[in-house]
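Everything on this sheet refers to the single structure shown next.
Numbering (the working numbering), first residue to last: 43 to 290.
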């Protein structure tokens, strides 16, 4: 007994609809789980340990000795945001990261281990409307807990400061830090030569005061001048060498 064409087509369309619906549900579940993990669960250490991610982060601490700090790329922004959510109470929407990436692409850096995993970042910008006294600002600095005390934060800050001088002639760089954040305050004052310029009451959303800090970038200007002079002398020597070669 043959099944009419109309019934066969109806069965096919019904089956296709069911399969397609199941596929959509599966994709939504996967995407939902990824978002929950990225923006919520991964912030808790015990969850990372249960899933094995805590172990992989701890085992890669020494990898950074063979890793690098590099200028951030647009494709790094999700990983930077993830790192921020894991490390800091001050969080930002993606459009704010894009604003930095598109306006000052030279100033923000990431630290990655030898496997290419981002373990820290610095988000920086130039302050606008200050042409007479150009200066930069550190918006955010974070290093994953498993990779701290390796000099990563200092390296990132120096990279960003150097870029401010090289690209925009910045005279100094500023930042804000919570009064209660003793570890960060020690890093900024002892290792990076920042100085407290003032206390800004209730600067943070939870009402905590902030230290406004500044770092003079004169040393980076001297470094740039020496490098430019060496480059210029190298070009002169190369030119003279070619002239001598022409006469010989």
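Glycine is no exception: its CB is placed at the ideal position from the N, C-alpha and C atoms.
The model shown is predicted, which means the values in this text are computed figures rather than measured ones.
- When C-alpha distances from residue 247 are compared across 134, 152, 66, the shortest belongs to 134.
- Residue 240 carries a strand assignment under DSSP once its states are collapsed to helix, strand and coil.
- Residues of the same chain with a CB within less than 6 Å of the CB of residue 205, apart from the 5 flanking positions on each side, are 148, 149 in chain order.
- DSSP, reduced to helix, strand and coil, places residue 214 within a strand of the structure shown.
- A straight line joining the alpha-carbon of residue 218 with that of residue 199 spans about 14 Å.
- Excluding its 5 nearest sequence neighbours in each direction, residue 177 has C-beta neighbours in its own chain below 7 Å: 169, 212, 213, 214, 215, 216, listed in chain order.
- Residue pairing of residue 177 in beta bridges, as defined by DSSP: 214.
- Around the Cβ of residue 224, a 10 Å sphere holds fewer than 16 other Cβ atoms; the residue is exposed.
- Residue pairing from DSSP places residue 112 in a beta bridge opposite 152.
- With respect to the 7 Å criterion, residue 163 and residue 194 are not classified as neighbours on the basis of their beta carbons.
- The residues 111, 151, in chain order, have a CB closer than 7 Å to that of residue 201 in the same chain once the five nearest residues on each side in sequence are set aside.
- Here residue 69 carries a helix assignment [DSSP, helix/strand/coil].
- With respect to the C-alpha of residue 230, the residue from 183, 264, 187, 207 having the closest C-alpha is 183.
- Take the alpha-carbon of residue 257 and the one of residue 210: they are about 16 Å apart.
- 263 is the residue among 263, 67, 153, 115 whose C-alpha sits nearest the C-alpha of residue 203.
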